[in-house]
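K.L.:
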Amino acid sequence: MLNLSILLEDAARETPDREAVVFGEMRLSYAFVDAVANQVANLLVSRGIKPGDKIALSSPNLPYFPMVYFGALKAGAVVVPLNVLLKPREIAYHLNDSEARAFFCFQGTPELPLGETGWAGFQEAAGCEHFFLLPAGLDVTESPFEGAELFWAALQGQPNTFESVVTRPEDTAVVLYTSGTTGQPKGAELTHSNLLTNIMVADTLFERTLHDTFMVTLPLFHIFGQTCVMNVGFYRRATLVLVPRFEPKAAIELMVKEKVNQFAGVPTMWWSLLTDDTSPEDIAAIRENLRVAVSGGASLPMEVLKGIKEKFGVDILEGYGLSETSPVCSFNRPDRPTKPGSIGLPVWGVEMRLVDDDWKTIEGEGPGEIAVRGPNVMKGYYKRPEATAEAIRDGWFRTGDIARRDEDGYYYIIDRSKDMIIRGGYNVYPREIEEVLMTHPDVSLAAVVGVPHESHGEEIKAYVIRKPGATVTEQELVEWGKQQFANYKYPRIVEFRDELPMTATGKILKRELR
């Protein structure tokens, strides 16, 4: 028996009255969050959901997320968290590919435009049996969409106690969608054991206080926020201050008001905090409280790291991980010297090595592609045995990231073997963008690359060859892209060319385009 829901259940038993979640004026205890999660579990069972069934969840950082997440786990179901910025076409793909039987979707922001193409059309395309809308307010009494139930109405009459379903360590707990250079996203199956062992390891890397307060700006649908913030926080019985949309001034106000002592973010968040015109009083308050500062998701510029130390008096610790590894693989550990610019050393239980294209180990400094083995490595890609076999051999997972290693065993990321772009901490996969761009009637060929950007790390640029006689402009193609992709995905920069650099075999030389 091992069910990840133990994180919430144990905290509710030991600290029932402690604030688990803070959102605006809403302050919810562990006992309350657990009770609602129990109602969710009872709801799912009453609708015929069985252990192993997939439950999709699309919610910003709101109290709904842990309630549904742990409720589904209690029922023995598998959680499929979806990026809240996905458009209806993309959402339907994820629901179908994961074979989700139920979908919990927040309806209160324009980032989830389910009515954009017509609710009935979306519902049919999604192929899902149960739709539950998570309303923006508690006073919403009627669903705007036929065939979709309001969350609170559906919970009416459901008991607030539930005996969690017995699951095994090797059972899948979460399917996280990721991709590579192969086009459509694929689901990484993370087991209860994968996640729980990684949570326990991550917990040892961050300094503890008697009562930790985490500020949650990382999206909980992403593995970084899910494991290192929400789940580590619940493991510690911490208080989570939820922030649906990161704004530096608002974040600083919350850090001061709630006496936040733990903050994990992507480099663009740290850059925003550094460049914000913060008052001396707020800086002093943050310096007094903030004990742990963590950065991940992309490489942190050295100037930002130094600047945060000078401004807030705290060292930012960098780590490394992927969706497929639950995510933490390496970290600048508290028991060893910190090396700025390094992703640190492998964490407990995890092995890392550098390999060449033939999986042969590269000794010494490298460079080489990072391969990882340990209890954190996923079970595989859902319904994709060939992709799994390509990525995992003898327990070793190829990350696609190129690194070097110093004489003390610290790793430093220097490049990516895959073409993935990281924009503001979000992964963007060029081939998916290229394939959709080429459905435009005026586009003959497209190549998408990441170009340097001051605050986002990378921006998305499309090099496009137009069809003969086509007149589409750069701005028109950008506007078209807005309608096709989530806001973080569409190319902001378009450059038309008569030809693209290619190899003799016809492969586009993206290195030259970059």
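Residues 12 to 525, numbered by this note's numbering, are exactly what the sequence shown covers, in order. Don't be surprised by glycine CBs; every beta carbon is placed ideally from N, CA and C.
Can you tell me whether Lys-394 is buried or exposed, with buried defined as 16 or more other CB within 10 angstroms of its CB?
P.N.:
To locate residue 394, count along the sequence shown from 1; it is residue 383. Exposed, since its Cβ has fewer than 16 Cβ neighbours within 10 Å.
K.L.:
Measuring CB atoms only, is the stretch 83-96 touching the stretch 176-187, in the sense that at least three cross pairs come out at less than 8 Å?
P.N.:
yes
K.L.:
Buried or exposed, going by whether 16 or more other CB atoms sit within 10 Å of the CB of Lys-317?
P.N.:
As a first step, residue 317 must be located in the sequence shown, where it is residue number 306. Per the 10 Å Cβ criterion, exposed.
K.L.:
Pull the bridge partners of Glu-292 from the DSSP assignment, please.
P.N.:
Start at 1 with the first residue of the sequence shown, and residue 292 comes out as number 281. DSSP, once it has assigned bridges, lists no residue as partnering Glu-292.
K.L.:
Under a three-way DSSP split, which group does Asp-412 fall into?
P.N.:
On the sequence shown, position 401 is the one that residue 412 refers to. Three-state DSSP puts Asp-412 in a strand.
K.L.:
What residue ranges within the stretch 239-269 form continuous alpha helix (DSSP H) runs of no fewer than 4 residues, ordered along the chain?
P.N.:
243-246 and 259-268
K.L.:
If I measure Cβ to Cβ from Thr-193 and keep anything under 6 Å in the same chain, skipping five residues before and after, which residues do I get?
P.N.:
For the purposes of this step, residue 193 is taken as the residue at position 182 of the sequence shown. Note that Thr-193 has pLDDT 48, beneath the 50 cutoff, so the model's placement of it is unreliable and the number below is only indicative. In its chain, beyond the 5 residues on either side, no residue has a beta carbon closer than 6 Å to the beta carbon of Thr-193.
K.L.:
Which stretch, first to last residue, makes up the beta strand (DSSP E) that contains Pro-155?
P.N.:
In the sequence shown, the residue the question calls residue 155 occupies position 144. Where Pro-155 is concerned, there is no enclosing beta strand (DSSP E), given that its DSSP letter is neither H nor E.
K.L.:
Return helix, strand or coil for Trp-407, following the three-state DSSP convention.
P.N.:
Counted from its first residue, the sequence shown places residue 407 at position 396. Correct three-state label for Trp-407: strand.
K.L.:
Touch check for the stretch 265-276 and the stretch 93-105: three-plus C-beta pairs under 8 Å?
P.N.:
Using a Cβ-Cβ distance cut-off of 8 Å, the stretch 265-276 and the stretch 93-105 are not in contact, since fewer than three pairs of beta carbons, one from each stretch, lie closer than that value.
K.L.:
CB-CB under 6 Å to Asp-64, same chain, minus the five flanking residues each way: which ones, in chain order?
P.N.:
For the purposes of this step, residue 64 is identified with residue 53 of the sequence shown, where counting begins at 1. Closer than 6 Å at the Cβ level, and outside the excluded window around Asp-64, lie Ala-88 and Arg-112.
K.L.:
In its own chain, which residues sit with a C-beta less than 6 Å from the C-beta of Leu-488, not counting the 5 before and 5 after it?
P.N.:
In the sequence shown, residue 488 corresponds to position 477, counting from 1. So the list reads Val-505, once near-sequence residues are dropped.
K.L.:
Is Arg-247 closer than 8 Å to Glu-25 when the C-beta atoms are compared?
P.N.:
Taking the sequence shown and counting its residues from 1, the one referred to as residue 25 is at position 14. Taking the sequence shown and counting its residues from 1, the one referred to as residue 247 is at position 236. No; because the gap between Cβ atoms is not below 8 Å, this pair is not in contact.
K.L.:
Return yes when the Cβ of Val-358 is within less than 8 Å of the Cβ of Val-339, no when it is not.
P.N.:
Your numbering for residue 339 matches position 328 in the sequence shown. Your numbering for residue 358 matches position 347 in the sequence shown. It is a contact, given that the beta carbons lie within the stated cut-off.
K.L.:
In terms of residue numbering, what span does the beta strand (DSSP E) encompassing Gly-198 cover?
P.N.:
Within the sequence shown, numbered from 1, the residue matching residue 198 stands at position 187. Gly-198 -> beta strand (DSSP E) spans 197-202.
K.L.:
Is Thr-238 near Ser-109, with beta carbons less than 8 Å apart?
P.N.:
On the sequence shown, position 227 is the one that residue 238 refers to. On the sequence shown, position 98 is the one that residue 109 refers to. Taking 8 Å as the Cβ cut-off, Thr-238 and Ser-109 do not qualify as a contacting pair.
K.L.:
His-464 bridges to which residues according to DSSP?
P.N.:
Here residue 464 is taken as the residue at index 453 of the sequence shown, counted from 1. According to DSSP, His-464 bridges with Gly-468.
K.L.:
In or out: Leu-39 buried (at least 16 other Cβ within 10 Å) or exposed?
P.N.:
Within the sequence shown, residue 39 is the residue found at index 28, counting from 1. With 16 or more other Cβ atoms within 10 Å, it is buried.
K.L.:
Three or more beta-carbon pairs under 8 Å between the stretch 196-209 and the stretch 219-231, yes or no?
P.N.:
no
K.L.:
Output the boundary residues of the alpha helix (DSSP H) element that contains Gln-7.
P.N.:
It is not possible to answer for residue 7, since the shown part of the chain is limited to 12 through 525.
K.L.:
Measure the beta-carbon distance from Gly-468 to Gly-435 and round it to whole angstroms, keeping in mind my assumption that it falls under 8 Å.
P.N.:
As a position in the sequence shown, residue 468 is number 457, starting the count at 1. As a position in the sequence shown, residue 435 is number 424, starting the count at 1. Taking 8 Å as the upper bound for CB-CB distance, Gly-468 and Gly-435 are in contact here, some 7 Å apart.
K.L.:
What is the C-beta distance between Arg-415 and Gly-377, in whole angstroms, given that I count them as a contact (C-beta under 8 Å)?
P.N.:
The sequence position of residue 415 within the sequence shown is 404, counting from 1. The sequence position of residue 377 within the sequence shown is 366, counting from 1. Contact holds; Cβ gap of about 4 Å.
K.L.:
In three-state DSSP terms, what is Arg-347?
P.N.:
Numbered from 1 along the sequence shown, position 336 holds the residue referred to as residue 347. Here DSSP, grouped into helix, strand and coil, assigns Arg-347 to coil.
K.L.:
Helix, strand or coil for Lys-1 per DSSP?
P.N.:
Because residue 1 is not part of the residues shown, which for the chain are 12 to 525, the question remains open.
K.L.:
Please state whether DSSP places Leu-19 in a helix, a strand or coil.
P.N.:
Taking the sequence shown and counting its residues from 1, one reaches residue 19 at position 8. Helix at Leu-19.
K.L.:
Would you tell me roughly how many angstroms separate the C-alpha atoms of Asn-72 and Arg-256, rounded to the nearest one?
P.N.:
Within the sequence shown, the letter at position 61 stands for residue 72. Within the sequence shown, the letter at position 245 stands for residue 256. Asn-72 and Arg-256: Cα-Cα distance of roughly 8 Å.
K.L.:
Taking the alpha helix (DSSP H) that Gly-420 belongs to, which residues open and close that run?
P.N.:
To locate residue 420, count along the sequence shown from 1; it is residue 409. Gly-420 -> no alpha helix (DSSP H), and no H or E assigned at all.
K.L.:
Could you tell me the distance, in whole angstroms, from the CA atom of Tyr-421 to the CA atom of Thr-289?
P.N.:
For this step, residue 421 is matched to residue 410 along the sequence shown. For this step, residue 289 is matched to residue 278 along the sequence shown. Tyr-421 and Thr-289: Cα-Cα distance of roughly 34 Å.
K.L.:
Using three-state DSSP, classify Arg-522 as helix, strand or coil.
P.N.:
For this step, residue 522 is matched to residue 511 along the sequence shown. Three-state result, Arg-522: helix.
K.L.:
Would a C-beta distance cut-off of 8 Å place Glu-314 and Ser-353 closer than the cut-off?
P.N.:
By one-based count along the sequence shown, residue 314 stands at place 303. By one-based count along the sequence shown, residue 353 stands at place 342. Note that the C-beta distance between Glu-314 and Ser-353 is not below 8 Å.
K.L.:
Go ahead and pull the three-state DSSP assignment for Arg-29.
P.N.:
The residue given as residue 29 occupies position 18 in the sequence shown. Coil at Arg-29, not helix or strand.
K.L.:
Within 10 Å of its beta-carbon, does Lys-371 have 16 or more other beta-carbons around it, so buried, or fewer, so exposed?
P.N.:
Residue numbering aside, residue 371 sits at position 360 when the sequence shown is read from its first letter. With fewer than 16 other Cβ atoms within 10 Å, it is exposed.
K.L.:
Can you give me the Cβ contacts of Ile-519 inside the same chain, cut-off strictly under 6 Å, excluding the 5 residues immediately before and after it?
P.N.:
Counting from one through the sequence shown, the residue named residue 519 turns up at place 508. Here the set comprises Ala-458, Leu-511 and Met-513.
K.L.:
Apart from the five residues on each side of it in sequence, which residues of its chain come closer than 6 Å, Cβ to Cβ, to Ser-466?
P.N.:
Against the sequence shown, residue 466 aligns to sequence position 455. The answer, listed in chain order, is Thr-279 and Trp-282.
K.L.:
Counting along the chain, where does the alpha helix (DSSP H) carrying Met-78 start and finish?
P.N.:
For the purposes of this step, residue 78 is identified with residue 67 of the sequence shown, where counting begins at 1. Note, Met-78: alpha helix (DSSP H), 75-85.
K.L.:
Between the alpha carbons of Tyr-41 and Val-177, how many angstroms are there, rounded?
P.N.:
Here residue 41 refers to the residue found at position 30 of the sequence shown. Here residue 177 refers to the residue found at position 166 of the sequence shown. Taking the straight line joining both Cα atoms gives about 22 Å.
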